[in-house]
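S.K.: Got a structure for you, written out below as structure tokens; questions coming shortly.
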Amino acid sequence: MPVYKALPRLVRDPHQSLVDIANWSGGAVVRLGLGVSSAYLVTDPADVQQVLQEKADIYPRGDDTALWRSVRRLVGDGILAEGETWAASRRTLGPLFRTTRIGPLVDTMAEAIATSVDELEVAAAAGTPIDVGAELSRIVSSAIMRVFFADRIDIEAALRIMAAQEVIVTAMGPRLLAPGVPWWIRLPGDRRFIAAVRAIDDILLPVLQEALQRPGDSDDVLSTLARARTSEGAPLSLKQMRDDLVSMVAVTTETSYVVLTWLWPVLANNPEVASRLYAEVDHVIGEGPIRAENLQELTYTRMVLDELLRLYPAGWILPRRAAEADVLGGVRIKKGASIILSPYATHRMSALWGETAEVFDPERFAPGRDEGRHRYAYYPFGGGRHRCLGEHLFALEAVLVVATFLSRFRFRLNDSAIPSTRVAASLRPARPVEMVLTRIARTAA
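So, in structure tokens, the structure goes:
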């Protein structure tokens with residue numbers, strides 16, 4: 024079994040270190056020497072499948088891993104828990120995120136996104152630089168809040184939720200780098216984390232209480248949950264609604280705007296990809312508005328987003344804990360051992376993706392190109408029974424955001440270099456991505 028004394032490098036640059044270790048081992052299970060403790064890095068798709076799917080009961084998420092310990096302090100019990108609590112939330116939320124239910128909401132999301140993108144006209148006219156991450160946060164939150172809460176939460180409150188999530192995700196960085204430190208020992212970021220969780224509850228709890236009293240007949244997620252019943256016929260508790268909604272809002276907004284923040288430096292550095300993407304949007308959407316029937320025609324846009332998720336998966340690390348002794352990839356795993364899965368590392372392995380594994384190439388996702396590719400060579404939304412419920416929502420929302428944005432504007436980055444990564448719970452750029460927009464001048468037909 025390969026052993027890699029990884030602590031100094033992992034602290035300096037955890038993302039690239041995991042890629043280097045995966046390539047060094049050729050995908051073999053590696054024991055990482057982390058000083059006082061050790062963990063096992065699992066990157067081979069067949070082994071990943073064992074952990075996430077075939078042996079999911081042996082490898083639960085575990086409340087005592089650094090990531091999930093922090094996440095549970097935000098989301099409580101619910102869809103991100105384990106056991107019956109997780110199963111109950113999955114039964115309640117699963118139907119709300121099926122293709123048949125999300126599909127009819129496309130035009131609702133498209134309208135919210137278009138209204139938000141319209142607000143960039145002022146900055147474009149003035150030539151004022153914008154912070155892409157901040158603007159995407161606003162655009163994404165407007166769509167998600169419409170789908171989740173209809174008109175029960177205004178955009179100002181939605182942005183406060185997004186700002187609190189930003190604090191939470193980045194404040195978790197020290198915990199990820201010090202996984203063995205118990206919560207009763209304060210680390211930098213803990214106070215900000217706790218205050219941000221409280222800020223989210225201060226906004227959401229009054230809204231949830233009102234919805235339980237007056238659920239209404241709307242088809243938004245909150246109203247649907249407020250009308251839902253447990254298997255015993257009782258209404259959902261305020262706590263279950265709170266935990267599930269916080270989980271789903273965090274996942275659906277975080278993934279979309281964090282992943283899409285990486286798109287613009289990628290396009291700036293891949294002009295041929297950008298030209299082909301612009302041409303497709305111009306042909307299919309023109310000046311807009313975009314509608315549900317347009318989505319199936321935006322095939323290259325979808326390929327670009329799939330490749331973006333390969334190189335920049337929001338969930339870059341998925342820790343698990345061995346609930347019992349096991350053998351994984353020929354390596355004996357002791358009960359209680361930490362298991363580290365990293366889509367970021369697996370997605371960049373040259374053994375799986377060739378010598379150009381770190382090159383942005385949407386053609387990898389052209390129709391028919393996935394033949395022979397292991398299912399878990401690409402898993403930006405996790406896998407098995409814990410596969411992200413918001414995957415289909417992201418697929419729709421991301422295409423809507425990109426197509427709407429590019430039907431209106433072209434852009435120039437203040438710094439065209441692709442940013443380095445920041446240590447946080449999701450894969451974030453280490454610096455803001457700023458751009459100047461130019462309104463597309465279209466001639467009348």
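Sequence positions in the sequence shown follow the working numbering and run 24 to 468.
Backbone N, C-alpha and C fix where the C-beta goes; we use that ideal spot for every residue, glycine too.
Bear in mind that the values here come from a model prediction, so they are computed numbers and not experimental data.
Comparing alpha-carbon positions, which option in Ala249, Val140, Asn46 and Pro238 lies nearest Glu378?
M.R.: Here the closest residue by C-alpha is Asn46.
S.K.: Hey, Met458 and Pro385: beta-carbon distance below 7 Å or not?
M.R.: No, they are not a contact pair.
S.K.: Whole angstroms is fine: what's the gap from Glu347's alpha carbon to Lys358's?
M.R.: Computed Cα separation, rounded: 4 Å.
S.K.: In terms of residues, what are the limits of the beta strand (DSSP E) holding Glu457?
M.R.: It spans Glu457 to Arg462 - the beta strand (DSSP E) in which Glu457 sits, taken as one unbroken run.
S.K.: Determine the burial state of Ile167: buried for a count of at least 16 other Cβ atoms within 10 Å of its Cβ, exposed for fewer.
M.R.: Buried, by the Cβ-count rule.
S.K.: Buried or exposed: where does Ser406 fall if 16 or more other Cβ atoms within 10 Å of its Cβ makes it buried?
M.R.: Sequence check: residue 406 is Gly here, not Ser. Buried is the call here.
S.K.: Pull the bridge partners of Ala346 from the DSSP assignment, please.
M.R.: Ala346 is not bridged to any residue.
S.K.: Hey, is the stretch 62 to 77 in contact with the stretch 356 to 374, meaning 3+ C-beta pairs nearer than 8 Å?
M.R.: The answer is yes - the stretch 356 to 374 touches the stretch 62 to 77, with three or more Cβ pairs under 8 Å.
S.K.: For Val274, collect the residues of the same chain with a Cβ closer than 8 Å to its Cβ; drop the 5 residues on either side in sequence, then sort them by chain order.
M.R.: So the qualifying residues of the chain are Cys411, Leu412 and Gly413.
S.K.: Just to check my reading of the structure: Ala368 and Leu41 have Cβ atoms closer than 8 Å, yes? What is that Cβ distance to the nearest angstrom?
M.R.: Yes, they are in contact, since the Cβ atoms of Ala368 and Leu41 sit about 4 Å apart, within 8 Å.
S.K.: Can you check the stretch 132 to 198 for any alpha helix (DSSP H) of at least 4 residues that lies completely inside it and give the ranges in chain order?
M.R.: With a minimum length of 4 residues, the continuous alpha helix (DSSP H) runs that stay inside the stretch 132 to 198 are 144 to 149, 155 to 172 and 178 to 194.
S.K.: On a Cα-Cα basis, can you pick out the residue from Ser48, Thr427, Thr66 and Glu394 that is closest to Pro342?
M.R.: Nearest option by C-alpha distance: Thr66.
S.K.: Measure the C-alpha to C-alpha separation of Arg214 and Val269 and round it to an integer number of angstroms.
M.R.: Spanning the two alpha carbons is a distance of roughly 19 Å.
S.K.: Helix, strand or coil: how does DSSP classify Arg445 here?
M.R.: In the structure shown, Arg445 sits in a strand (DSSP, three-state: E or B).
S.K.: On the CB-based measure, 16 or more other CB atoms within 10 Å of its CB, does Ile208 come out buried or exposed?
M.R.: That one is exposed.
S.K.: If distances are taken between C-alpha atoms only, which option among Val456, Val145 and Val289 comes closest to Lys328?
M.R.: Going by the sequence as given, residue 328 is Leu instead of Lys. Comparing Cα-Cα distances from Leu328 to each of Val456, Val145 and Val289, the minimum goes to Val289.
S.K.: Which runs of the alpha helix (DSSP H) fall wholly inside the stretch 253 to 309 and span at least 4 residues, in chain order?
M.R.: 261 to 292 and 294 to 307, all fully within the stretch 253 to 309.
S.K.: Under 8 Å, with one C-beta from each stretch per pair, do the stretch 395 to 402 and the stretch 258 to 268 reach the 3-pair mark?
M.R.: No: the two stretches stay apart, fewer than three of their Cβ pairs being nearer than 8 Å.
S.K.: Please name the residue in Val52, Asp70 and Val71 whose C-alpha comes closest to that of Tyr63.
M.R.: If we check each option's Cα against that of Tyr63, Val52 comes out closest.
S.K.: For Asp36, name the three-state secondary structure that DSSP assigns.
M.R.: DSSP places Asp36 in coil when its eight states are reduced to three.
S.K.: Considering only the alpha carbon of each residue, which of Thr444, Ser112, Ala249 and Ala453 lies closest to Met271?
M.R.: That would be Ser112, whose Cα lies nearest to the Cα of Met271.
S.K.: I need the straight-line Cα distance from Leu128 to Leu116, nearest angstrom please.
M.R.: Going by the C-alpha atoms only, they are around 16 Å apart.
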